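So the sequence lines, in the order shown, correspond to chains A and B. When we follow my numbering, the leftmost residue of the first sequence carries the number 1, and every step to the right adds one. When we follow my numbering, the leftmost residue of the second sequence carries the number 187, and every step to the right adds one. Heads up, the beta-carbon is just placed ideally off N, CA and C, and yes, glycines get one too. Remember, it's a predicted structure, so these values are computed and weren't measured experimentally.
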Amino acid sequence: MKTQIRISGSGGQGIILAGILLAEAGIIDGKKALQSQSYGPESRGGSSRADVIISDEIIYFPRAVKLDTLLCLTQEAADKFIDALKSAGTFIYDSSQISINPIDGEAIGIPFSELAIKKFKTTMVTNILSLAFTCRITNTVSLYALRKALRKRIKPKYVDINLKAVRLGVRLAEEYLSEGSLLTRE
Amino acid sequence: MSKSKKPKGKPVLMQGNIAVALGALDAGMRFYAGYPITPSTEIAEILSEELPKCGGKFIQMEDEISSMACILGASIAGMKAMTATSGPGFSLIQENLGYGMIAEIPCVIVDVQRGGPSTGLPTRPAQGDIMQARWGTHGDHPVIALYPNSVLECYELTIRAFNLTEKYRTPVIILLDEVLAHMRESVMLPQKDKLKIIRRIKPNVPPEWYKHYKYNPKYISPLANFGEGYRFHITGLAHDENGFPTQVPWEVEAMMNRLLKKITDNLDDIIQIEPFKMEDAEIAIFAAGVVARSAKEAVIIARKQGIKLGLVRPLTIWPFPDVDVEMMLQNTKAVIIAEMNQGQLINEIKRVTKYGHHSKFIKLQKFNGLIITPDEILAKIAEVK
Numbered sequence: 001m002k003t004q005i006r007i008s009g010s011g012g013q014g015i016i017l018a019g020i021l022l023a024e025a026g027i028i029d030g031k032k033a034l035q036s037q038s039y040g041p042e043s044r045g046g047s048s049r050a051d052v053i054i055s056d057e058i059i060y061f062p063r064a065v066k067l068d069t070l071l072c073l074t075q076e077a078a079d080k081f082i083d084a085l086k087s088a089g090t091f092i093y094d095s096s097q098i099s100i101n102p103i104d105g106e107a108i109g110i111p112f113s114e115l116a117i118k119k120f121k122t123t124m125v126t127n128i129l130s131l132a133f134t135c136r137i138t139n140t141v142s143l144y145a146l147r148k149a150l151r152k153r154i155k156p157k158y159v160d161i162n163l164k165a166v167r168l169g170v171r172l173a174e175e176y177l178s179e180g181s182l183l184t185r186e
Numbered sequence: 187m188s189k190s191k192k193p194k195g196k197p198v199l200m201q202g203n204i205a206v207a208l209g210a211l212d213a214g215m216r217f218y219a220g221y222p223i224t225p226s227t228e229i230a231e232i233l234s235e236e237l238p239k240c241g242g243k244f245i246q247m248e249d250e251i252s253s254m255a256c257i258l259g260a261s262i263a264g265m266k267a268m269t270a271t272s273g274p275g276f277s278l279i280q281e282n283l284g285y286g287m288i289a290e291i292p293c294v295i296v297d298v299q300r301g302g303p304s305t306g307l308p309t310r311p312a313q314g315d316i317m318q319a320r321w322g323t324h325g326d327h328p329v330i331a332l333y334p335n336s337v338l339e340c341y342e343l344t345i346r347a348f349n350l351t352e353k354y355r356t357p358v359i360i361l362l363d364e365v366l367a368h369m370r371e372s373v374m375l376p377q378k379d380k381l382k383i384i385r386r387i388k389p390n391v392p393p394e395w396y397k398h399y400k401y402n403p404k405y406i407s408p409l410a411n412f413g414e415g416y417r418f419h420i421t422g423l424a425h426d427e428n429g430f431p432t433q434v435p436w437e438v439e440a441m442m443n444r445l446l447k448k449i450t451d452n453l454d455d456i457i458q459i460e461p462f463k464m465e466d467a468e469i470a471i472f473a474a475g476v477v478a479r480s481a482k483e484a485v486i487i488a489r490k491q492g493i494k495l496g497l498v499r500p501l502t503i504w505p506f507p508d509v510d511v512e513m514m515l516q517n518t519k520a521v522i523i524a525e526m527n528q529g530q531l532i533n534e535i536k537r538v539t540k541y542g543h544h545s546k547f548i549k550l551q552k553f554n555g556l557i558i559t560p561d562e563i564l565a566k567i568a569e570v571k
C-alpha cells in the first residue's frame, strides 16, 4: 500500500521537519519512505511544503500526487493544495488560521496554533502537535515510531516539549474519533 | 527459525546531499573548499562538521573561483579534494576546472543543478547544466560527469567519482538534481570495508628521475605529492613531459592526445548505463537523474496497460554512452527524450542514432521549475502513432 501525505504551511513553521519525522517514523515501522520538499527562496514567510510517501514497495516518483492526506497550517497553503487532495482524502487544517469551504471528503479543523499558544505558550510546537494528530487520525505510522523519530531528530532540549505536544495531538485525535467526525466537520 | 545473527544494516532516512558528503568521506576525501549555495549547502554544512573530526580540512572561500583553485592545490599536495556548488558557482568554477584538466589534477566537483540562467530559481530543479558540464570550460577537453538518481546512488557515485578522478588524473563532475539533493529516502549504505577505493599512482623512481607528465602507453603517469622532494612544474600552458611550457607542435599534440586518450581508451571502465525493461520495448524513454525516476514509474504503469515501454538511463552522462545508447535504442519505434531543460540530451540522442536508425523522437521538455511527472511521460505515448 502507498500512502501520500502533504504537510504545508509557511517557511519557519517546521513543515519540513514534520515531513522528516513522518518519513523517519515510516522507516522505523519497517516501510519504505520518501520525503521531498518544495519551498520558496525566502527562509521565513514564503510557502513551504513537505511531501511524504510511505509504501511497502520501492518509491520512484518523489512527489506526492493524489494526496491521501493533506495537512495545512496556513490559508495560502490550503488554497494552493486543496485540489491535490484525492476524492475521499483526509483534509486536516489549522482552524485558527484557515476558513475553508466544504470539500468532498473528510475535513477536520482543529485550532492547532491557538492550542499551542494556550498550552505551551509558543507556536513552535504547532507542527508536531498537528503531525501527531494527523498520524493518529490517519493511522499512517505508529505512535511508537513517531516518538522514536522525534527523539532521534530533535535537539535534546526540545524533546520534552515536543513529546508533550505529541501527547496533546494524540488526545485531540482520540477525542475527535470517539465523538464522531460529524461534530467538528465544517 | 535459524539463529543467524548477521550484522545487517538498518535502513536510514537520508538526504541526497548528505549521502554525497558521506560518500566523499568514505572515499577518503579530506579536503573541502567551497562557498555555500542553495541547493548544495547541506554538503558544505555536514563536511564542516565532520572533516575536522577525522583530521580533514574544511575551508569556506570567498567565492567559487578560489574554491576550485583551493582544491586543486590541496590535491596536488596529496589530498583527495572536493567542492560542491550550484549553477552560478559552477560558472565561476569553469576557468580553474580547465586548469585542473590540462594540469591533470584529480578532484571532484559536485554541481547541484537549479533553475537558470544566472540566479534563476534557487530552490527549484532543472537539468540545464548538462551541456555546461561538457563544454563549460574552453578548449578541447574530455569530461567525466556522473548523474545519480537515488540517495544510494548519490553515495555510490560519489565514491566512484573519487575512484575515477584518482585513476585517470582528471577532474570528475557529479551532476545532481535539486529534488534529489534535498529529498530524503530510506537507504541502506554498503558496509565500509566492502568498498573499493582507488588511490592515485605514486612515482616509484627517485625524485631526480621523476617526470610529472612522463609518456606512458596508458596515458596516465604517476603523480607525486608537492613538498615531498619531487620537484615539478605545473602550468595551464601547453606543456612537455616535465611540465614546462612548450609550443613544439608534436609535444602539444602529444599532450592533447593524452588528455583525450586516457578517457576514450577506457570507456568500458568509465561508462555506466542502466536499461530498464528494454528487452522487448517498442517505445523507449531516455532520461537522466530524477526524471528517470518519473520515467520508471511511467514504465511500470504502462506495462500494466500492455504498452511495451522501457527506459534507458545513463549513470555516466559524459563521456556520452554513444554505442550503448545506439544499441539499446536500435529496435524501438519511438524514443521519448524527457529532460528538465529546453533540449540538451535530445541532440546527443539524435547524434548517436543517426546511422540507419528510424526511431521517432518525441521531446518532453520542462523548464518551469517543476519536475516531470509520470503522467506527462505517459501522455507522450499518444504521440507515437
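Pairwise C-alpha distance: residue j and residue i
i, j, result
"A:K54", "B:L564", "A small correction: the amino acid at residue 54 of chain A is Ile; Lys does not occupy that position in the sequence shown. When rounded, the distance between both Cα atoms is 23 Å."
"B:I457", "A:I117", "57 Å"
"A:S87", "B:A207", "41 Å"
"B:N517", "B:L531", "20 Å"
"B:I503", "B:I204", "22 Å"
"B:K540", "B:Q201", "39 Å"
"A:N162", "A:L146", "11 Å"
"B:E281", "A:S10", "40 Å"
"A:K164", "B:L307", "39 Å"
"B:I384", "B:D212", "12 Å"
"A:I137", "A:F91", "11 Å"
"B:E437", "B:Y399", "11 Å"
"A:R171", "A:S130", "11 Å"
"A:L183", "B:V570", "Bear in mind that the predicted position of A:L183 carries a pLDDT of just 44, short of 50, making it unreliable; the figure below should be weighed with that in mind. So the two alpha carbons sit approximately 53 Å from each other."
"B:Y221", "B:A568", "46 Å"
"B:R216", "A:N127", "38 Å"
"B:K239", "A:V65", "41 Å"
"B:I449", "B:I232", "32 Å"
"A:Q75", "B:L199", "30 Å"
"B:M513", "B:F547", "16 Å"
Cβ separation of residue i and residue j, assumed to be a contact under 8 Å, to the nearest whole Å
i, j, result
"B:V498", "B:F472", "5 Å"
"B:E525", "B:Q551", "6 Å"
"B:L366", "B:G214", "Contact doesn't hold; Cβ gap of about 24 Å is too wide."
"B:C293", "B:I245", "The Cβ separation is near 14 Å, so there is no contact."
"A:D68", "A:T3", "5 Å"
Cutoff 7 Å: residue i Cβ touching any chain A Cβ
i, result
"B:P461", "no"
"B:K549", "no"
"B:I309", "Just to set this straight, residue 309 of chain B is Thr in the shown sequence, not Ile. Yes, B:T309 counts as interfacial toward chain A."
"B:P334", "no"
"B:L199", "yes"
"B:P376", "no"
"B:S372", "yes"
"B:V477", "no"
"B:P560", "yes"
"B:V538", "no"
"B:K482", "yes"
"B:V498", "no"
"B:V298", "no"
Collapsed DSSP secondary structure at residue i in the structure displayed
i, result
"B:D508", "helix"
"B:Y341", "helix"
"A:T126", "helix"
"B:R386", "coil"
"A:R147", "helix"
"A:I100", "coil"
"B:A484", "helix"
"A:L182", "No answer about A:L182 holds up, because its pLDDT of 44 lies below 50 and its placement is not dependable."
"B:S128", "With chain B running from 187 to 571 in the structure shown, residue 128 of chain B is simply not present."
"B:V294", "strand"
"B:F276", "helix"
"B:E562", "helix"
Any chain B beta carbon closer than 7 Å to residue i
i, result
"A:F61", "yes"
"A:Q75", "no"
"A:Y39", "yes"
"A:A64", "no"
"A:K155", "no"
"A:L34", "yes"
"A:I27", "yes"
"A:I7", "no"
Residue-chain proximity (residue i, chain E), Cβ-Cβ < 7 Å
i, result
"B:H368", "The structure shown contains no chain E; the protein chains it does contain are A and B."
Threshold first: 3 residues or longer. Then list the beta strand (DSSP E) segments lying entirely within the region 318-371 of chain B, N to C.
330-332, 358-363
Can you give, in chain order, each stretch of the beta strand (DSSP E) that sits fully within the region 52-96 of chain A and has at least 3 residues?
67-72, 85-94
Uninterrupted beta strand (DSSP E) stretches inside the region 11-40 of chain A (no shorter than 3 residues)
32-39
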